[in-house]
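Residue numbers (the UniProt record's numbering): 5 to 510.
C-beta: ideal position from N, C-alpha, C; glycine also.
Keep in mind it's a predicted model, so treat the numbers as computed, not measured.
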Amino acid sequence: PILVVNFGSQYVQLIARRVRELGIYSEIVHWDTPIDELKEKEPYGLIFSGGPASVYAKDAPLPPKDIYELGVPILGICYGLQVIAHQLGGKVEKSDHQEYGRARLKVVKRDKIFEGIPDEFDVWMSHADKVAQLPDGFETLAVSDNSPHAVIASRERKIYGFQFHPEVVHTVYGRELLSNFVYGVCGAERNWEMGDFISEKIEEIRNIVGNAQVIAALSGGVDSTVASLLVHRAIGDRLHCFFIDHGLLRLGEREEVENNLRALGLPLKVVDASELFLERLKGVEDPEEKRKIIGNTFIEVFEREAKGVERAEFLLQGTLYPDVVESAGIKGSAKIKTHHNVGGLPQRMHLKLIEPFRELFKDEVREIGKLLGIPKEILGRHPFPGPGLAIRIIGEVNREDLEILKKADRIFIEELKKNGFYDRIWQAFAVLLPIRSVGVMGDVRTYEKVIALRAVESTDGMTADWYRFPYDFLDHVMRRIINEVRGVGRVVYDVSSKPPSTIEWE
Ligand code: XMP
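Here's what the structure looks like:
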């Protein structure tokens with residue numbers, strides 16, 4: 005693989021993904037991973053990520069120095085470049101002019117890292133420190149207005165450093181630069197194709213499972229659907245899928261999911277537990293409390309259902325690589341929300357986990373789904389939170405409000421699809437607010453509920469920006485909701501980004 009050494013960059017996953025897009029398997033490793041562990045992975049090369057620290061800060065993350073003796077090529081990006089300069093005897097200092105955003109890069113010495121790339125192009129910078137003096141054996145290959153050493157290299161040792169970020173789209177030749185590094189400098193060979201991944205995984209699952217049975221809780225979402233189909237290919241009907249309807253789904257969603265999954269040939273049991281969930285949510289207003297109740301009830305229902313499966317030894321989960329990185333990642337981050345999953349299950353039920361996508365990104369799972377023949381409509385579905393509409397009704401959940409929200413949500417989604425917006429948006433939904441507002445309808449005073457619409461663009465749900473709809477579209481949706489949904493007297497559009505707001509309201 006190519007190993008991406010993580011110094012705390014917000015772009016670390018993006019770097020790994022870019023390398024995989026070039027056809028080479030890449031993994032993210034923590035900056036203080038012992039040398040022996042790195043060696044065992046037999047990397048083609050290392051990429052040092054950026055990071056928020058300064059190399060001269062007291063507890064700046066610095067890798068063990070013998071990393072430079074491994075003899076594998078290294079590319080340092082931003083902070084990664086500064087780490088190289090600092091550890092190999094150069095000098096890094098605070099820059100008089102910080103550089104954020106677009107900058108013009110000028111190549112001063114041609115090299116194979118610039119193969120097929122012109123002498124001048126735009127790159128994306130984001131740094132406050134700069135290299136002031138090169139280590140011995142290094143030379144400057146490119147400069148920018150504020151970075152006299154924007155690209156440095158020791159060609160003999162195959163160590164390169166970029167002050168800018170090749171992984172972001174704003175760096176015009178970013179893909180080519182990374183390709184030149186992994187193929188040209190590291191001499192890597194293509195080893196990452198989704199087709200191979202599928203056949204290898206199927207083999208692996210067969211070996212692990214043997215004659216036992218596997219159970220899975222399906223949500224109808226992309227990850228669990230693709231994971232189930234893959235396992236089904238491997239072991240057939242020894243996979244047992246459960247779809248638990250907690251009564252907090254969108255209008256018609258249960259039928260839609262059921263049809264989708266059956267059409268894929270998955271052995272499915274649908275469990276209607278909505279009464280139980282709604283009963284337990286009565287009178288509960290606190291968001292975290294609601295999440296906990298839903299999570300625990302889900303586990304309870306699933307556990308009860310799964311008891312009927314004899315010799316169930318494995319639980320299938322659609323865990324993705326970002327979840328793995330995050331849970332092992334930079335420590336000390338604050339808990340924002342209790343995300344619902346079946347995390348407590350395996351220990352309680354003495355089940356072993358099968359997580360075929362532990363090393364994959366979401367877009368790779370979509371690609372596998374495509375190769376397995378899953379229709380576009382399923383793969384393109386917006387994410388839907390485990391606790392469902394319960395966290396989109398602010399405050400207490402009751403049947404009447406659920407009906408209102410379902411209808412408003414249906415109209416919004418329907419119009420998104422009709423007008424070609426659905427596929428351009430990461431996620432869109434309606435939220436029912438716990439306030440009433442005065443209106444006038446047919447000369448009569450009304451005092452009714454408020455619906456907030458939310459639509460965001462995002463690549464991974466970690467950050468998000470609100471979607472800029474044409475006013476006419478919003479106007480049309482507002483009219484339909486107020487005319488068609490009894491009990492709603494006002495519609496507002498949410499223009500908050502994440503951060504500081506989250507995508508969901510609770
Ligand atoms: P937030 O609201 O934290 O949401 O910005 C980020 C993404 O996660 C989804 N989300 C959840 N998904 N269980 C889930 O499976 C949850 O409890 C949950 N809460 C939020 C949210 O819809 C968005 O895609």
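> What residue from Val9, Val111, Ala154 has the CA that sits closest to Lys45's CA?
Replying inline: Val9
> With 16 other CB atoms within 10 Å as the buried threshold, where does Asn264 fall?
Replying inline: buried
> residue 524 and Gly84: beta carbons closer than 8 Å?
Replying inline: Limits of the chain in this structure are 5 at one end and 510 at the other, which puts residue 524 out of reach.
>> Closer than 8 Å is the cut-off here; do at least three beta carbon pairs connect the region 250-258 with the region 199-219?
In response: no
> For Ala238, which three-state DSSP category applies?
Replying inline: helix
> To which residues does DSSP link Gln34 through a beta bridge?
Replying inline: First, the amino acid is wrong: residue 34 is His here, not Gln. In the DSSP output, where bridge partners are listed per residue, His34 has Asn10.
> Helix or strand or just coil, what does DSSP make of Asp100?
Replying inline: strand
> In whole angstroms, what is the alpha-carbon distance linking residue 574 and Arg254?
Replying inline: Any property of residue 574 remains undetermined from this structure, which presents the chain solely from 5 to 510.
>> Whether or not the region 138-146 and the region 59-69 are in contact is what I'm after, with contact meaning three or more pairs of Cβ atoms, one per stretch, closer than 8 Å; do they touch?
In response: no
>> Rounding to the nearest angstrom, what Cα-Cα distance links Gly269 and Thr506 in this structure?
In response: 36 Å
>> Can you tell me whether Gly443 is helix, strand or coil according to DSSP?
In response: strand
>> According to DSSP, simplified to helix, strand and coil, what is Gln86?
In response: helix
>> Would Lys273 and Glu304 be called neighbours here (beta carbons separated by less than 8 Å)?
In response: no
> Unbroken alpha helix (DSSP H) runs of length 4 or more, entirely within the region 97-156: which are they?
Replying inline: none
>> Taking a contact to mean a Cβ-Cβ separation below 8 Å, would you say Val435 touches Arg396 in this structure?
In response: yes
> How big is the Cα-Cα spacing for Val87 and Gly399?
Replying inline: 49 Å
> DSSP puts Glu459 in a beta bridge; with which residues?
Replying inline: The residue asked about is misnamed: residue 459 is Ala in this sequence, not Glu. According to DSSP, which records beta bridges pairwise, Ala459 is partnered with Ala432.
> Which class does Asp276 belong to by DSSP, given the choice of helix, strand or coil?
Replying inline: strand
>> the ligand XMP and Thr506: does the residue's C-beta get closer than 7 Å to at least one heavy atom of that ligand?
In response: yes
> Residues in its own chain within less than 7 Å of Val112 by CB, not counting five upstream and five downstream?
Replying inline: Thr144, Leu145, Ala146, Val147
>> Could you give the first and the last residue of the continuous beta strand (DSSP E) run that contains Asp249?
In response: 243-249
>> Starting from Gln321, trace the alpha helix (DSSP H) in both directions and tell me its first and last residue.
In response: Unbroken run through Gln321: none, as it is neither H nor E.
>> Considering Cα atoms alone, identify which of Val23, Cys82, Pro5 is closest to Gln14.
In response: Cys82
>> If you follow the beta strand (DSSP E) that Tyr497 is in, where does it begin and where does it stop?
In response: 492-497
> Got a sec? Which residues, its chain only, sit under 8 Å from residue 571 by beta carbon, not counting five neighbours each side?
Replying inline: Any answer about residue 571 is impossible in this case: the structure gives the chain only from 5 up to 510.
> Out of curiosity, what's the CA-to-CA distance linking Phe201 and Gly465?
Replying inline: 25 Å
> In three-state DSSP terms, what is Pro68?
Replying inline: coil
>> Please classify Tyr104 as buried or exposed, where buried requires at least 16 other C-beta atoms within 10 Å of its C-beta.
In response: exposed
>> DSSP has Ile81 in a bridge; who is on the other side?
In response: Phe166
> Can the beta-carbon of Gly93 be found closer than 8 Å to that of Pro122?
Replying inline: no
>> In the DSSP assignment, the beta strand (DSSP E) including Leu222 goes from what residue to what residue?
In response: 217-222
> Does any heavy atom of the ligand XMP sit closer than 7 Å to the C-beta of Pro5?
Replying inline: no
> How would you write the range of the alpha helix (DSSP H) that Phe473 sits in, first residue to last?
Replying inline: It is not in any alpha helix (DSSP H) - Phe473 carries neither H nor E in the DSSP assignment.
> Helix, strand or coil: which one does DSSP assign to Asn160?
Replying inline: Correcting the residue type first, residue 160 is Glu in the shown sequence and not Asn. Glu160 falls in the coil class under three-state DSSP.
>> Taking the beta carbon of Met445 as the centre, do at least 16 other beta carbons fall within 10 Å, making it buried, or is it exposed?
In response: exposed
> For His344, which of helix, strand or coil comes out of DSSP?
Replying inline: Since pLDDT at His344 reaches only 48, below the 50 mark, its modelled position is unreliable, and no value is offered.
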